[in-house]
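Visitor: This is the structure I want to talk about, given as structure tokens.
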Amino acid sequence: GLLLVALLVSHMLLIKEGVTSLPICPKGSVNCQLSLEELFDRAVKVSHYIHFVSSEMLYEFAEHYAQGRDFIAKAVNSCHTASLTTPEDKEQAQQIHHEDLLNLILGILRSWNDPLIHLASEVQTIKEAPETILWKAVEIEEQNKRLLEGMEKIVGRVHSGEVENDIHTPWDGLPSLQLADEDSRLSAFYNLLHCFHRDSHKIDNYLKVLKCRLIHDNNC
Amino acid sequence: MRQRFISAVQIILQLALTTVGLTGQSYPGKPQIIRCRSLEKETFSCWWKPGSDGGLPNNYTLFYSKDSGGEWSYIQLQLVTSGVLKGSVLGSVLFNTFIGDLDERTERSLSQFADDTKLGRIQPDAPVNLSLATNTSANVSYLWAKWCPPPLADASFNSHVYHYELRLKPEEKEEWETVSVGMQTHYEVTSLQAGVKYVVQVRCMLDLGEWSEWSSERSIQIPKERLPPEKPRIIKCRSPEKETFTCWWKPALDGGLSTNHTLLYSKEGEEKVYECPDYKTAGPNSCYFDKKHTSFWTIYNITVRATNEMGSNVSDPHYVDVTYIVQPDPPVNITLELKKSIKRNPYLVLTWSPPPLADVRSGWLTLEYELRLKPEEGEEWETIFVGQQTQCKMFSLNPGKRYIVQIHCKPDHHGLWSEWSPEMYIEIPTDFRVKDLVVWIIVGVLSSLICLIMSWIMIMKGYRMMAFILPPVPGPKIKGIDTHLLETGKSEELLSALGCHGFPPTSDCEELLIEYLEVEDSEDQQLMPSHDTPSKNTKIILKETDSDSGRGSCDSPSLLPVKCRESRGFPSTLQTQDVRAKEKKGGKGSWETQCTAPEQKTLPCNSESIKSCTWLAAQLPSNQAAMFAYHSTVEAFKITLNTTNVNTSPVLVGNEENRQSLYPIAETGYDDVEKISEMEYSRTDQITVQVRQNQHNDKSPFLNPKLMDYVEVHKVRQDKEPTLLLKHKESSGKTKKCTVPGTSKEYTKVSTVVDHHILVLLPDQRTQNTPVSQEPVAETSQNPQQTQAEKNTSYSTTAPSDSRRDTSGSDYMDPSSFMPCFK
């Protein structure tokens, strides 16, 4: 367990470094603009990383708190982003217009802004929460914001018309994270983590599809 | 009862054949007990073969004893005529009845006894009347078996208690299942397979006796069950390409009834329950979800229901998000290529393609790869994660080993590793360097061969070849030190030699240096007739001596071109001259007689003045004179070789000699040039050359110089060593004489000649390297003292600068100024 965590942290640090240490613009350059490819590269790296961390966090949480609790059965049908209609298979992902898909990604990311902020704060209240979970909650929140920025940049570059800025679904799950009942509370946390885990994977998958479609002409 | 039985086991049987003794009858043949057996504890049966009866009716009596040492009891058997008899089943009660009769007859009969036989263990007959029946109660089938104990001849013994064993098997199977029944004559078998036909047998055993044979087979069909199926179980779900997926389940036990399985699923967010869209595509007990039925980021709730006539049973629900169950097929098109690098070991390049089903191009599925390899005989795999690449280079593989390589792949983030690809083998060749080595060895052998041939050619062609190919290495600059000097070990010599090269050099040393350096020239010339060495020496001269006069002369355009032309032109003539020399050598024999005569004549010349000698020589025919000169010089050299330690080879000297002798013939006119060139080239024998030059100068007005040359050389050569000093003195004296009548031009020539003489003197001593030569050195040093008054004499040897002032600078510097032209 300890070894796994150590590996995980080192891996994350590596990835993080790879993500954060890239200079946006070389010094002294005027009118510097990253190419779309570079933007996508970065976005995919960040999204990959976010999903990786969220996976680890979900498994870690389940490892600690899922014993005797049927989290998965309860987690069904309960994601607040479910109202966003997103492609559910390869065909749908390929058929949807890339601008719509980009908007969907933006929508999902925005929908997670609030919940992740609350998650990062509320996860501190969980009894005996492992340090790694706390750390990951913060990390996810930060990286999600970063990805949102990047995606806005990409959307701004790709979009021909006006950018729809208000696609997002509200989240009303804060009370469930503050429930007095430990089981319900943990279940609510698990549910949130499970939903983010799914959505982060969606975003990562969509971004990889978009990158192959827009940059490599479907020939990755 | 029990004790009796045990003793019965130990019964020893003896069969006696008794024959009624009639007149003159022989003994009957020996009977043989084949087998005795007791079916229970009371009786036994024996079978025997009668012996020959001699045609008479025989009586048999069976004797038995309960112990080996016990009393014999006997049983009188009925009269039998022939054939195999089955003994009667006899009870113990019966034994007594015959005893009386036997006593009467034994005396009157001849008898023959069979061998002792022990009664075997009791083995009953197999049970009989086996009957089977089945019964089903509470959905469980039973098999009911009944049988009877083995029948005995005497019904009164049926009170015996047997142990029974029952065995059964499904009709089609080979293996029996044996059950110990006990003493009952019935048994109930449970846990039978429904709908199977069973075969049953029984056997029995009496106490510790042997088991009877198995009874005859009986078989019965067990009816099929009528139960609802058990719970089926979903084994796994897998998506090979992240587009479709398949689920497999383990069917429930059907209990002989036909059972249907249906897969039902519901998707997250939908209430509706669907049935599996495709049971066939993925084989039995599976459900295939095509693209239309496959959604991602959605949890499927899957259950399998097993149904038969009696009812149905539903598996536990299986929750699946297809996103997380992607397990691709193994990578394909794996190629292993061995690349050779020049400096390092060969390395392996692996390439592969993603599995054909996986659509990695669209970005929908991203695969990561991992490969593993090990030497064929190795135990542990080395696993390498390569990420999304589809190729990999493997370095540092052990040469000479056969490797097994496999690759598998996995989607990024989630999913499972594919199966490993089929094993690929690659043989790493044994060291490439060995091959290189072989190549190098071949190259080495070839090159050494070439070298051998070259050196052979060089030896054949002589040293000129070598000189041509390999320019001569300049000799050591400190020429004053001579190994021979060191060996002879005269300290004054050494000191004088060394002293000249002290630092900073003194003026005296400079003078000496010049002398020695010029001497070097002569030595070098001896060894290498090429014109490179002089140039180096001249350099030294230019540096170390005061060069005011020397340079002037060297730079003077009047002399240089001529000299250079001469020197450059010379090597070509040299070769032709060689040829001539050879020709002459060949023809030497014919001239030998002629040669002797002049030699005799010339001998006295040494003691007399050279002038007279030359005159004598001049009288000879020109051709002959030339020949003599040539011949004599060769001979003279031979003499010097014998008497002195000259290191030079005769070939070289010979060449030099040839050159000297022939040169004048080849040349016409140009006395000055001739002189210079000769000075340069004729260093082998400085004395002779100098002498000759003297003669040139002396006799140029009077005689043909060519003729004179040879005569002179000849003479000098003859008595080189003993009269060395004398000659010089004479020559100096002579030159004086000669110079007086000569013109100014002639005078300069003469002076140089003198210089050369003296210069030559020292080198001559050195070249000879004989102990004798030491004396001349001392003499030369004395020379200046003796002849200080004379300007052009040996004084100039020790102080050339002085002599140069007196004589024309150009003349003195002739040799030095001449040398740079060889560059």
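Residue numbers (the numbering used here), protein chains in the order written: chain U, 1 to 220; chain R, 221 to 1043. Cβ atoms here follow ideal geometry from the backbone N, Cα and C, with glycine treated the same way. As the structure is a computational prediction, the values presented were derived from the model and not from experiment.
#1: Go through its chain and collect everything with a Cβ distance to Leu36 (chain U)'s Cβ below 8 Å, but skip five positions before and after it.
#2: Taking Glu463 (chain R) as the query, report the chain U residues whose CB atoms sit under 9 Å from its CB, ordered along the chain.
#3: Going along the region 504 to 520 of chain R in order, which residues come within less than 9 Å of chain U, judged by CB to CB distance?
#4: Relative to the C-alpha of Glu38 (chain U), which residue among U:Ser176, U:Gly150, U:Leu179, U:His201 is closest?
#5: Can you tell me which of U:Leu192, U:Glu142, U:Leu104 puts its alpha carbon nearest to the alpha carbon of His228 (chain U)?
#6: Under 7 Å between beta-carbons, which chain R residues line up against Arg69 (chain U)? List them in chain order, please.
#7: Go ahead and pull the three-state DSSP assignment for Leu109 (chain U).
#8: Rounded to whole angstroms, what's the CA-CA distance from Ile859 (chain R) to Trp676 (chain R)? Just pull it up for me.
#9: If you drop the 5 nearest sequence neighbours on each side, which residues of the same chain put their C-beta closer than 6 Å to that of Leu207 (chain U)?
#10: Looking at the C-beta of Val19 (chain U), does it have a partner C-beta in chain R at a distance below 9 Å?
#11: I'd like the list of long-range same chain contacts for Val209 (chain U), defined as Cβ closer than 6 Å, with 5 residues on each side in sequence excluded.
#12: What does Arg581 (chain R) reach in chain U if we use C-beta pairs closer than 7 Å?
#13: State yes or no: is the beta carbon of Thr586 (chain R) nearer than 9 Å to at least one beta carbon in chain U?
#14: For Asn553 (chain R), which option in R:Leu669, R:Tyr623, R:Glu437, R:Met644 has the closest C-alpha, if you only look at C-alpha atoms?
#15: Going straight from the alpha carbon of His916 (chain R) to that of Met680 (chain R), what length do you get?
#16: For the alpha helix (DSSP H) containing His201 (chain U), list its first residue and its last residue.
#17: Using a Cβ cut-off of 9 Å (strictly closer), state whether Thr398 (chain R) contacts chain U.
#18: State yes or no: is the C-beta of Arg387 (chain R) within less than 9 Å of the C-beta of Gln343 (chain R)?
#19: Taking CB distances under 9 Å as the criterion, tell me whether Asp498 (chain R) reaches chain U.
#20: Could you list which residues in chain U have their beta carbon closer than 9 Å to that of Thr466 (chain R), in chain order?
#21: Of all the CB atoms in chain R, is at least one closer than 9 Å to the CB of Val158 (chain U)?
#22: Please go through the same chain and pick out, in chain order, the residues whose beta-carbon is closer than 7 Å to the beta-carbon of Thr650 (chain R), but skip the five residues on each side of it.
#23: Hey, quick one: how far does the alpha helix (DSSP H) through Pro175 (chain U) stretch, first residue to last?
#24: Lys393 (chain R): buried (16+ other C-beta within 10 angstroms of its C-beta) or exposed?
#25: Establish whether the CB of Asn205 (chain U) and some CB of chain R are separated by less than 9 Å.
#26: For the region 45 to 63 of chain U, which residues have a beta carbon sitting closer than 8 Å to at least one beta carbon of chain R?
#27: Considering only DSSP beta bridges, list what Trp469 (chain R) is partnered with.
#28: So which residues of chain R does Val155 (chain U) contact, with C-beta pairs closer than 8 Å?
#29: Quick check on DSSP: helix, strand or coil for Met530 (chain R)?
#30: Do we get a CB-CB distance below 9 Å when we pair Thr482 (chain R) with the residues of chain U?
#31: DSSP on Thr479 (chain R), reduced to helix/strand/coil?
#32: Measure how close the beta-carbons of Cys457 (chain R) and Val540 (chain R) come, nearest whole angstrom, since I'm counting them as under 8 Å.
#33: Using the three-state DSSP reduction, which class does Lys366 (chain R) fall into: helix, strand or coil?
#34: What residues match up with Gly402 (chain R) in a beta bridge as DSSP calls it?
#35: Taking the alpha helix (DSSP H) that Met41 (chain U) falls in, what are its first and last residues?
#36: Run through chain U and tell me which residues come within less than 7 Å of His538 (chain R), C-beta to C-beta.
Guide: According to the structure data:
#1: Ile154, Arg157, Val158, Leu214, Ile215
#2: Asp89, Lys90, Glu91
#3: Lys511, Lys512, Thr514, Ser515, Phe516, Trp517, Thr518, Ile519
#4: The residue with the shortest Cα to Cα distance from Glu38 (chain U) is U:Gly150.
#5: As displayed, chain U neither begins before 1 nor continues past 220, which places residue 228 (chain U) out of reach and without an answer.
#6: What Arg69 (chain U) touches in chain R: nothing, since even the nearest Cβ is about 14 Å away.
#7: helix
#8: Any answer about Ile859 (chain R) is weak, because its pLDDT of 43 lies below 50 and its placement is not dependable; what the coordinates show is given next. If I take the Cα positions, the gap works out to 30 Å.
#9: Close CB contacts of Leu207 (chain U) within its chain, under the 6 Å cut and outside five residues either way in sequence, are with Ala43, Val44, Ser47 (chain order).
#10: Confidence at Val19 (chain U) is low in this model, with a pLDDT of 46, below 50, so the placement of that residue should be treated as unreliable; the coordinate-derived value is given next. Chain R, which has no Cβ nearer than 9 Å to the Cβ of Val19 (chain U), makes this no.
#11: Only Ala93 meet the Cβ criterion.
#12: Under the 7 Å cutoff, chain U gives Cys212, Asn218, Asn219, Cys220.
#13: yes
#14: R:Met644
#15: Note on His916 (chain R): pLDDT 46, under 50, position unreliable in the model; the coordinate value appears next. Rounded to whole angstroms, His916 (chain R) to Met680 (chain R) spans 37 Å at the Cα level.
#16: Looking at the DSSP string, the run of the alpha helix (DSSP H) that includes His201 (chain U) is 182 to 214.
#17: no
#18: no
#19: no
#20: Neighbours of Thr466 (chain R) on chain U: none; closest Cβ ~15 Å, over 9 Å.
#21: no
#22: Pro619, Gly620
#23: 174 to 177
#24: exposed
#25: yes
#26: His48, His51, Phe52, Ser55
#27: R:Ile454
#28: Residues of chain R passing the Cβ test: none, with the nearest at roughly 18 Å.
#29: Annotated three-state conformation of Met530 (chain R) is coil, per DSSP.
#30: No, Thr482 (chain R) lies away from the interface with chain U (no Cβ there is under 9 Å from its Cβ).
#31: coil
#32: Yes, Cys457 (chain R) and Val540 (chain R) are in contact; Cβ-Cβ is about 5 Å, under 8 Å.
#33: In this structure, Lys366 (chain R) counts as strand in the three-state DSSP scheme.
#34: Paired residues: R:Tyr384.
#35: For the sequence presented, residue 41 (chain U) should be read as Asp rather than Met. Unbroken alpha helix (DSSP H) run through Asp41 (chain U): 36 to 65.
#36: Going along chain U, no residue has its Cβ under 7 Å from His538 (chain R), so there is no contact; the nearest lies around 11 Å.
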